[in-house]
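Residue numbers 26 to 527, in the working numbering, belong to the letters of the sequence shown in order.
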Amino acid sequence: MSYVVVIPILIPLFAGALSLMCWRSVALQRWIAVLATGAFLAVSFWLLQVTQSEGFVVMQMGNWPAPFGITIVADLLSAIMIVLTGIIGFAIAIYSLAATPERHEKFGYYPLMHLLLAGVSGSFLTGDIFNLYVWFEVMLLSSFALLTLGGERAQMEGAIKYVTLNLFSSAVLLSAIGLLYGTVGTLNMADISQKLSQVEHTGMVNVLAMMFMVAFGIKAGAFPLFFWLPASYHTPLVAVSALFAGLLTKVGVYALYRVFTLIFIGDVGYTHQWLLWAAGLTMVTGVLGAAAQFEFRRILSFHIISQIGYMILGVALFTPLAIVGGVFYIMHHIIVKTNLFLVSGLVYRYLGSYDLKKLGAVYRHRPMVGLLFLIPALSLAGVPPLSGFFAKFIIIRAGVEANAWVITGVGLVVGLLTLYSMIKIWAEVFWKALPEEVDDSHLRGTEPTPRAWIMLLPIVGLAGCTLYIGLNGQPIYELAAATAEQLLNPELYIEAVLGEQP
């Protein structure tokens, strides 16, 4: 049964290769994308089921025993992230059928999408720190190509900032991995955890921890090197923006959770205090940036940053309830944020702009679209009984129990400012009258909007997921609690990978 852990990597790789073979047929590439992401989603739930029953699913590549070979391993956190990747990948594949222009499809959109999904999956499932770097580079390559697909001026400007900061992050990460290998002589994360605890020079360990924090913090879009994100996420195709918003920064968050619950746990008072500062500043700067914007996707991009702060706060507090809240928040946010970008693309299809000043009257003519916006928007702001309320509630309660009053207050204020931003979008895009100079024929339905109904399908599906998490959150909470228990007992991971007690 261990082979199930490698299938989520193989499916997108195979689908990408098959799409390249069908380069001349866009129709075939579309079908491959939908079928492959659908199969990925089914396998991801299978992997989660196996992981829940067995605790860990481990595969040693080439039958080389750990720590000498490359290990592919899934614990509950990895399996959850793979399920979320499957949900988002399938939603984007369907949305792309209507939202992606054929000229972009002809230049490799679908093969690049599959390559990105393979990189994301590999990052979540690898048990080797150097292979984590390799999968990061696979993501960087595919995401840069998707970001520049179309070659428009705004895309190129955003891409330069995106690739520059991410290459800097990669350089820091590679340097940290080299120093870490020189210190402990292994790249297997379970083995690193075991051997790093025996290193006497704690100062060097803390230096390594800070290097990994910087590298993964940039990937996650955390303070202070986050400005590549709002400079780039609003420039590509909306399906690409949604895919990036849902998955890319969460790989950085996942890496922070992995290394700061498994590897760098020897001086929690030092390392996690820095994470606490990063979480607070990320929340504040992100939400203030969103409040100052009047472009639909730029507002959403800045809110990615602010919400990343809540996720980092979970691992920074490093208590069982805080980890539960962080995992719950990740599950909620990936679905909600992707959906908000998809809604923005649908509004653009009707009115031809992302500028809030040039939009309006969507609720009057398309009330269903307005309601579909309200569900993820209010969830992002933490309004009960939606998923975001319970995610924020758990995090805030964990902060109170840890007596972290300042960061708890910051979290509450940021939640109110998030609600302000969502109300601003609602008032400008959905409620106010449409400016007279704007062509509203598509919005009124007097002219056909090609395949717009296809764009509604994933939006409705993701909104249903948000409602399910909010109205039936007990199974999700229990899953997050089981995940937190695993993360706070790293010896379980070490034993599963190395086959022995540490």
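Note that the Cβ used here is the ideal one computed from N, Cα and C, for glycine as well.
Residue from the options whose Cα sits closest to the Cα of residue i
i: residue 382; options: 365, 96, 300 and 450; result: 450
i: residue 380; options: 463, 523, 194 and 132; result: 463
i: residue 139; options: 77, 199 and 43; result: 43
i: residue 112; options: 521, 484, 520 and 512; result: 484
i: residue 127; options: 487, 311 and 49; result: 49
i: residue 377; options: 467, 74 and 130; result: 467
i: residue 231; options: 264, 240, 301 and 292; result: 292
i: residue 284; options: 488, 219, 315 and 61; result: 219
i: residue 370; options: 97, 480 and 222; result: 480
i: residue 301; options: 61, 210, 32 and 429; result: 429
i: residue 211; options: 91, 354, 194 and 51; result: 91
i: residue 499; options: 412, 475 and 477; result: 412
i: residue 363; options: 60, 294, 331 and 268; result: 268
i: residue 59; options: 221, 288 and 115; result: 115
i: residue 105; options: 250, 354 and 298; result: 354
i: residue 478; options: 55, 150, 54 and 393; result: 393
i: residue 194; options: 227, 181, 226 and 237; result: 237
Buried versus exposed, by CB contacts within 10 Å (16 or more), residue i
i: residue 405; result: buried
i: residue 515; result: buried
i: residue 258; result: buried
i: residue 255; result: buried
i: residue 40; result: buried
i: residue 223; result: exposed
i: residue 470; result: exposed
i: residue 318; result: buried
i: residue 401; result: buried
i: residue 445; result: exposed
i: residue 336; result: buried
i: residue 447; result: buried
i: residue 78; result: exposed
i: residue 314; result: buried
i: residue 452; result: exposed
Residue j beta carbon less than 8 Å from that of residue i
i: residue 420; j: residue 350; result: yes
i: residue 154; j: residue 192; result: no
i: residue 368; j: residue 398; result: yes
i: residue 280; j: residue 157; result: yes
i: residue 509; j: residue 423; result: no
i: residue 196; j: residue 296; result: no
i: residue 513; j: residue 216; result: no
i: residue 507; j: residue 101; result: yes
i: residue 130; j: residue 29; result: no
i: residue 264; j: residue 240; result: no
i: residue 103; j: residue 141; result: no
i: residue 148; j: residue 161; result: yes
i: residue 562; j: residue 303; result: Since the first residue shown for the chain is 26 and the last is 527, residue 562 is missing from the structure and cannot be characterised.
i: residue 61; j: residue 476; result: no
i: residue 262; j: residue 125; result: yes
i: residue 403; j: residue 80; result: no
Check: residue i C-beta below 7 Å from any heavy atom of the ligand GDP
i: residue 82; result: This structure lacks the ligand GDP, and indeed carries no ligand of any kind.
Proximal residues to residue i (C-beta, below 7 Å), its chain only, five neighbours per side dropped
i: residue 109; result: 356 and 359
i: residue 27; result: 82, 83 and 84
i: residue 179; result: 260
i: residue 456; result: 388
i: residue 266; result: 258, 259, 322 and 366
i: residue 345; result: 509 and 513
i: residue 152; result: 96, 97, 98, 213, 214, 215 and 522
i: residue 146; result: 33, 34, 37, 107 and 110
Sequence-distant residues of the same chain with beta carbon closer than 8 Å to residue i, five excluded per side
i: residue 252; result: 186 and 190
i: residue 199; result: 158
i: residue 305; result: 334, 338, 431, 432 and 435
i: residue 459; result: 376, 384, 385, 386, 465 and 468
Close beta carbons around residue i, own chain, < 6 Å, minus the five adjacent residues each side
i: residue 163; result: 144
i: residue 45; result: 136
i: residue 12; result: Because the chain spans 26 through 527 in this model, residue 12 falls outside it and cannot be assessed.
i: residue 311; result: 327, 330 and 331
i: residue 183; result: 256, 257 and 260
i: residue 278; result: 245 and 336
i: residue 407; result: 413, 414, 417 and 440
i: residue 427; result: 342 and 344
Cutoff 8 Å: residue i Cβ touching any chain C Cβ
i: residue 474; result: Going by chain labels, chain C is absent from the structure shown, which holds only one protein chain.
Q) Quick one: any contact between the stretch 389-397 and the stretch 318-326, if contact means 3 or more CB pairs under 8 Å? A) Here the stretch 389-397 makes no contact with the stretch 318-326; the two share fewer than three CB pairs at distances below 8 Å.
Q. Is it a yes or a no for the stretch 436-447 touching the stretch 83-94, going by three-plus beta-carbon pairs under 8 Å?
A. Contact check between the stretch 436-447 and the stretch 83-94: fewer than three CB pairs, one atom from each, fall below 8 Å, which does not count as touching.
Q: Would you check if there are 3 or more beta carbon pairs closer than 8 Å linking the stretch 113-133 to the stretch 235-244?
A: No: fewer than three Cβ pairs fall under 8 Å.
Q) Would you call the stretch 61-78 and the stretch 32-40 in contact, with 3 or more CB pairs under 8 Å? A) Counting C-beta pairs with one atom in each stretch, the stretch 61-78 and the stretch 32-40 have three or more that are closer than 8 Å, which means they touch.
Q.
If contact is defined by three or more beta carbon pairs under 8 Å, each pair taking one atom from either stretch, is the stretch 120-135 in contact with the stretch 163-181?
A. Contact annotation: the stretch 163-181 touches the stretch 120-135, with at least three C-beta pairs closer than 8 Å.
Q.
Below 8 Å, how does it come out for the stretch 204-220 and the stretch 264-274: are there three or more Cβ pairs, yes or no?
A. Contact between the stretch 204-220 and the stretch 264-274 is absent: fewer than three C-beta pairs spanning the two stretches fall below 8 Å.
Q: Could you tell me whether the stretch 400-419 touches the stretch 485-505, where touching means 3 or more Cβ pairs closer than 8 Å?
A: Taking a cut-off of 8 Å on C-beta distances, the stretch 400-419 touches the stretch 485-505, as three or more cross pairs fall below it.
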